[in-house]
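Novice: Below is one structure. I have some questions about it.
This is the structure in structure tokens:
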């Protein structure tokens, strides 16, 4: 008998730009908040959970296998295994697809998958000189030796730490910062500053509209801020009411001051947040009386040049569609992660280009036109933010809930991955 | 032949004495056990063993102490003398055994047990949670009588020993090793191994007989523990005792006196001093009352809250409806005992208050290092919340703590029940509304029950478990057990206005306003009740704590429910119309500083209420009697006429645990019995003539007076 994997339900914390409302919340606590609520909301018997898989890229030093920490704090029994996955920007899609594989194969029936990230809490690291100095200090035995060694410390060694978030966002293979990869795409695909700013404005407009219509109410659970508990974060911080092309036009390019078009306004901000999905084998979900949101039809990851990583969705989507047995035109809604406006617009062009699809992907013709009214209907990462290890799951939740709300059948969630990869997943609304 | 208790196991070069008192869960020193110990000691003294180890075969218990039944039954000092003289001679003989002795302590080692092990040469304790070593005697109104007052100070110094003896404290293995009470504290699993190593050392002659004596280490301690510094230690200790006991409890003061006199005296002389002191306090009524209270508490441990043998249900997940001060407190307590807790309220801000309540209580423990950072986090993680009923169908018990309004409560309960498991038990934390009436909102009222916590939840030890008309045994037993698991003392009460504790407290609080009317000052009145009678706070202070608005509101409810005999002073109306709410708005009978800490009475209150400057015209006796005798009068009605509780013991336990009624008085009804029903009735009649119908004597109390009866018959 063939097996299907369904998404029973999903929940996420609000997303907040790094350094703002959620800055003091440990990523394990963010994951815990989402997981606990998902368990409560689905009245899940935690004994039936086979595994917990959590995406995360920051690997906090005090919780290296953060998946296990999230699971235990979230109320998952001690006996249940949990682990952390890292596929950069797609870590929380990797967690979902890992769960999918385990259920599909019949190894497991019930998996909690998601992701958590606190980009606020990414550390500063001592540079090589300072690290070396500390290591040598440890080997000094007598007080005299220690004092002598103390004099060798250069202040500059301490004052020039390595910034984990900056290093993490720079490709280690080609040495190019993510923003610069988007600049490459903007130039190659001829995407103007205005087009980018317009796209960014739409992202905000749609996100604000979604907030106002309550579209996110069903996917967000609040985070209470200790120790004073005076603040309760219950919605995404990013979306700006009245964001406009004019306002965005005032910003200076960030990555290429001279000829660039990418600004902090048409790129996604670094962000804190967590998201979790409950996945089950379809028969099991039904026997437990669940009415699942969506069925997973297929997924794919694919690689490309790291310096053009933004085009990842174009590479992974046709494979995912093929595995799902569906066509691009079947997709009623698309969530394409907005790392950069330029990168999304470049993807749109590439999807629709016969030449690109033939030359780069070896297809016979273009994958298809992207209808802007189907794309990121509730806004995207430019407005909401992009907690790297969380976004994959967030896209799936938002897509599944939007399909349900709009009574549409098929949806595609796809994202570009730092390091030169793309990820894509195709789902089917089970409520039509 | 007496019951088997101790056995000598021959191990070749050494002997192990196994202590396993047959027919009992714990090892304790009763007269038969002591005579067995005497035999054992004599046998060992004659033997050629090179070492002796004493082990317990009980789980979690080493030696729990002396047999309290025996202490309770003895009323004559001469009898105590006989018992103690014998005990001293046995312990002395043990101490004087020719071979070194080793105590392998795993589990509770308290009272007589602790006094026994300090007569050993060596002690090794485990780091297990169950290992507690100490001298809780003063909690029973007595002092250590098997040589504890003599040996402990010599062994661990005056400061550490007074700390233990005067407060009736016990310490864990780690602390015991730190203060020198044991030689080392080891993981439970390797206790046998370490003991064997020590025995081998002894057999090899590396360790011998010794008398461990305290040597002060750092300079300040050297000075304090010296002949010159001792005076300071004793006077500081005395101050601390007076502060804690207000001088109402003779035992700690006697213990201090004994330690002082015995310190430095010869063993025989010192033990005589201890015996004299013991005999003096052991026959005191305070001690008998405290022992009675101990039995009441032990009784609760064994009880299930119901007469039938219906078992309580297993509870893993607890819901709390309403995350206010009470709800948050209940959530904290449940999570603290490792229950998974789900809070629900109507806004995120309201839920945040609940989280803060819990977080603040644990933060304090964290600061005092009573809790680790990780445990703090773990406990916080046990609490979750929502604005809807998500997660509610996994809950075993839901405690409702929303606004005190019957209509709202009923509406919310009938709504909530739809989201809960069919067999979930719903408990209301109401303090004044009828549980039976509220149960009408539940489709299956047998699963509905009252669970009345007192404020502040984490500190007040009482829970009234209220049986409505239809409440099942199972629901009652489950809440009774849950209360115990939460570390509280439950008392089952019948439904009725104010249940038990508030019903008895209210006449007292109401009387405070009449006393004010009669010219008593806030300060004098409260002082009479606290410093003369021994209540933890006076009625004015209590009204401030409860909230003046709440107090007056509940008084009115009582008046409606119980009729004319509940009188309310005209001052109540004036207070109601003022902006004084008590501690919560830092304006009440007392001034409150910025942090809400109480200070002096607010004398501007008199003028505001239209009262002249108070002249305190009433006698101490009248002031106290008008309050306490009214309580007794109401207690007679509650117990004998309305049968709110079944026994006077339950009533006394509830009053002590719920209001802090002075334990040394044995509880309200023990106190009433000590005064005599006849006297109380006569006084009440006098006050009725003078002050009004609120002093009308209850029929049952009058009958008792006429028949010369007592509450405890």
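Residue numbers (the working numbering), protein chains in the order written: chain P, 82 to 513; chain C, 86 to 798.
No residue lacks a Cβ here, since even glycine has one placed at the ideal position from N, Cα and C.
(1) Return the Cβ separation of residue 624 of chain C and residue 716 of chain C in integer angstroms, given the expectation that the two are a contact with Cβ distance under 8 Å.
(2) With C-beta atoms as the reference, is residue 628 of chain C less than 8 Å away from residue 597 of chain C?
(3) Which same chain residues end up closer than 6 Å to residue 402 of chain C when comparing Cβ atoms and leaving out the 5 residues on each side of it in sequence?
(4) If you run the structure through DSSP and keep just helix, strand and coil, what is residue 476 of chain P?
(5) Buried or exposed: which applies to residue 172 of chain P, given that a residue is buried once 16 or more other Cβ atoms fall within 10 Å of its Cβ?
(6) State the start and end residues of the unbroken beta strand (DSSP E) segment that holds residue 412 of chain P.
(7) So, at 7 Å on beta carbons, what are the nonlocal neighbours of residue 314 of chain C in its own chain, with the 5 sequence-adjacent residues on each side left out?
(8) Are residue 469 of chain C and residue 362 of chain P close, meaning C-beta to C-beta below 8 Å?
(9) Going by the CB atoms, is the gap between residue 465 of chain P and residue 303 of chain P shorter than 8 Å?
(10) Of the residues P/301, P/309, P/366, P/439, which one's Cα is nearest the Cα of residue 116 of chain P?
(11) Skipping 5 residues on each side, what residues in its chain have a beta carbon closer than 8 Å to that of residue 444 of chain P?
(12) Whose Cβ in chain P lies nearer than 8 Å to the Cβ of residue 440 of chain C?
(13) According to a CB-to-CB cut-off of less than 7 Å, which residues of the stretch 467–487 of chain C neighbour chain P?
(14) DSSP puts residue 538 of chain C in a beta bridge; with which residues?
(15) When you compare only the Cα positions, how much space is there between residue 270 of chain C and residue 301 of chain C?
(16) Would a C-beta distance cut-off of 8 Å place residue 86 of chain P and residue 185 of chain P closer than the cut-off?
(17) Residue 448 of chain C CB to nearest chain P CB: under 8 Å?
(18) Mind listing, in chain order, the continuous beta strand (DSSP E) runs of no fewer than 3 residues lying wholly within the stretch 664–726 of chain C?
(19) Chain C partners of residue 156 of chain P, CB-CB under 9 Å?
(20) Between the stretch 200–219 of chain P and the stretch 383–399 of chain P, can you find at least three pairs of beta-carbon atoms closer than 8 Å?
(21) Roughly how many angstroms lie between the CA atoms of residue 150 of chain P and residue 759 of chain C, to the nearest whole one?
(22) Which whole-angstrom value describes the C-beta separation of residue 144 of chain P and residue 109 of chain P, a residue pair presumed to lie in contact below a C-beta threshold of 8 Å?
(23) Tell me which residues share the same chain as residue 257 of chain P and place their Cβ nearer than 6 Å to its Cβ, disregarding the 5 neighbours each side in the sequence.
(24) Can you grab the Cα-Cα spacing for the pair residue 718 of chain C / residue 744 of chain C, in whole Å?
(25) Our contact map puts residue 458 of chain P next to residue 483 of chain P with C-beta atoms below 8 Å; I'd like the distance itself, whole angstroms only.
(26) Please identify the residue among C/212, C/229, C/277 whose C-alpha is closest to the C-alpha of residue 257 of chain C.
(27) In angstroms with no decimal places, state the Cα-to-Cα distance between residue 140 of chain P and residue 196 of chain P.
(28) Measuring only the C-alpha atoms, how far is residue 487 of chain C from residue 406 of chain C?
(29) Could you check the C-alpha separation between residue 473 of chain P and residue 331 of chain P for me, to the nearest Å?
(30) Since I believe residue 537 of chain C is in contact with residue 584 of chain C (beta carbons under 8 Å), could you give me their beta-carbon distance rounded to a whole number of angstroms?
(31) Which of helix, strand or coil does DSSP assign to residue 508 of chain C?
(32) So what does DSSP say about residue 467 of chain P, is it helix, strand or coil?
(33) Residue 115 of chain C to residue 124 of chain C, Cα distance in whole Å?
(34) Check whether the Cβ of residue 124 of chain P lies closer than 8 Å to any Cβ atom in chain C.
(35) Using a threshold of 8 Å, state whether the C-beta atoms of residue 274 of chain P and residue 342 of chain P are closer than that.
(36) Quick one: list the residues of chain C neighbouring residue 115 of chain P, beta-carbon separation under 8 Å, in chain order.
Specialist: According to the structure shown:
(1) Working through the second chain from its first residue, we reach residue 624 of chain C at position 539. Working through the second chain from its first residue, we reach residue 716 of chain C at position 631. That belief does not hold up - the Cβ atoms of residue 624 of chain C and residue 716 of chain C are roughly 11 Å apart, past 8 Å.
(2) The count along the second chain starts at 1 and reaches residue 628 of chain C at position 543. The count along the second chain starts at 1 and reaches residue 597 of chain C at position 512. A contact, by the Cβ cut-off of 8 Å.
(3) On the second chain, position 317 is the one that residue 402 of chain C refers to. Hits under 6 Å: 425, 479, 480, 481.
(4) Mapped onto the first chain, residue 476 of chain P falls at position 395. DSSP places residue 476 of chain P in helix when its eight states are reduced to three.
(5) On the first chain, residue 172 of chain P is found 91 positions in, with the first residue counted as 1. Its Cβ being crowded by 16 or more others within 10 Å, residue 172 of chain P is buried.
(6) The residue given as residue 412 of chain P occupies position 331 in the first chain. Where residue 412 of chain P is concerned, there is no enclosing beta strand (DSSP E), given that its DSSP letter is neither H nor E.
(7) The count along the second chain starts at 1 and reaches residue 314 of chain C at position 229. Once the five neighbours on either side are set aside, the close Cβ partners of residue 314 of chain C are 308.
(8) If you number the second chain from 1, residue 469 of chain C lands on position 384. If you number the first chain from 1, residue 362 of chain P lands on position 281. No, these two residues do not count as a Cβ contact at 8 Å.
(9) To locate residue 303 of chain P, count along the first chain from 1; it is residue 222. To locate residue 465 of chain P, count along the first chain from 1; it is residue 384. No; because the gap between Cβ atoms is not below 8 Å, this pair is not in contact.
(10) Within the first chain, numbered from 1, the residue matching residue 116 of chain P stands at position 35. Closest by alpha carbon: P/301.
(11) Locating residue 444 of chain P in the first chain gives position 363, counting from the first residue. Answer for residue 444 of chain P: 399, 438, listed in chain order.
(12) The residue you call residue 440 of chain C lines up with position 355 of the second chain. Here the neighbours are 305, 307, 310.
(13) For the stretch 467–487 of chain C, the set of residues with a beta-carbon nearer than 7 Å to any beta-carbon of chain P comprises 469, 471, 475, 476, 478, 479, in chain order.
(14) Counting from 1 along the second chain, the entry for residue 538 of chain C is found at position 453. DSSP output for residue 538 of chain C lists C/548 as bridge partner(s).
(15) Translated into the one-based positions of the second chain, residue 270 of chain C becomes position 185. Translated into the one-based positions of the second chain, residue 301 of chain C becomes position 216. Rounded to the nearest angstrom, the two C-alpha atoms are 21 Å apart.
(16) As a position in the first chain, residue 86 of chain P is number 5, starting the count at 1. As a position in the first chain, residue 185 of chain P is number 104, starting the count at 1. In contact: residue 86 of chain P and residue 185 of chain P (Cβ atoms closer than 8 Å).
(17) Walking along the second chain from the start, residue 448 of chain C turns up at place 363. Yes, residue 448 of chain C counts as interfacial toward chain P.
(18) 675–677, 683–686
(19) Residue 156 of chain P sits at position 75 when you count from the first residue of the first chain. Those within 9 Å of residue 156 of chain P in chain C are 425, 466, 467, 469.
(20) no
(21) Position 69 of the first chain, counting from 1, holds the residue named residue 150 of chain P. Position 674 of the second chain, counting from 1, holds the residue named residue 759 of chain C. Taking the straight line from one Cα to the other gives about 60 Å.
(22) Along the first chain, one-based indexing puts residue 144 of chain P at 63. Along the first chain, one-based indexing puts residue 109 of chain P at 28. 5 Å between Cβ atoms; contact.
(23) If you number the first chain from 1, residue 257 of chain P lands on position 176. So the qualifying residues of the chain are 388.
(24) Within the second chain, the letter at position 633 stands for residue 718 of chain C. Within the second chain, the letter at position 659 stands for residue 744 of chain C. The straight-line gap from Cα to Cα measures roughly 17 Å.
(25) Indexing the first chain from 1 puts residue 458 of chain P at position 377. Indexing the first chain from 1 puts residue 483 of chain P at position 402. That pair is a contact at about 6 Å.
(26) Indexing the second chain from 1 puts residue 257 of chain C at position 172. Here the closest residue by C-alpha is C/212.
(27) Your numbering for residue 140 of chain P matches position 59 in the first chain. Your numbering for residue 196 of chain P matches position 115 in the first chain. The straight-line gap from Cα to Cα measures roughly 12 Å.
(28) The count along the second chain starts at 1 and reaches residue 487 of chain C at position 402. The count along the second chain starts at 1 and reaches residue 406 of chain C at position 321. The alpha-carbon separation between residue 487 of chain C and residue 406 of chain C amounts to approximately 6 Å.
(29) By one-based count along the first chain, residue 473 of chain P stands at place 392. By one-based count along the first chain, residue 331 of chain P stands at place 250. Distance between the alpha carbons of residue 473 of chain P and residue 331 of chain P: 31 Å.
(30) Start at 1 with the first residue of the second chain, and residue 584 of chain C comes out as number 499. Start at 1 with the first residue of the second chain, and residue 537 of chain C comes out as number 452. Correct: roughly 6 Å between the Cβ atoms.
(31) Position 423 of the second chain, counted from the first residue, corresponds to residue 508 of chain C. Residue state, collapsed to three classes: coil.
(32) Locating residue 467 of chain P in the first chain gives position 386, counting from the first residue. Reduced to three states, the DSSP call for residue 467 of chain P is strand.
(33) On the second chain, residue 115 of chain C is found 30 positions in, with the first residue counted as 1. On the second chain, residue 124 of chain C is found 39 positions in, with the first residue counted as 1. Cα to Cα, residue 115 of chain C sits roughly 14 Å from residue 124 of chain C.
(34) One-based indexing of the first chain puts residue 124 of chain P at position 43. Residue 124 of chain P counts as touching chain C.
(35) Taking the first chain and counting its residues from 1, one reaches residue 274 of chain P at position 193. Taking the first chain and counting its residues from 1, one reaches residue 342 of chain P at position 261. Their beta carbons are under 8 Å apart, which means residue 274 of chain P touches residue 342 of chain P by this criterion.
(36) Start at 1 with the first residue of the first chain, and residue 115 of chain P comes out as number 34. Neighbours of residue 115 of chain P on chain C: none; closest Cβ ~11 Å, over 8 Å.
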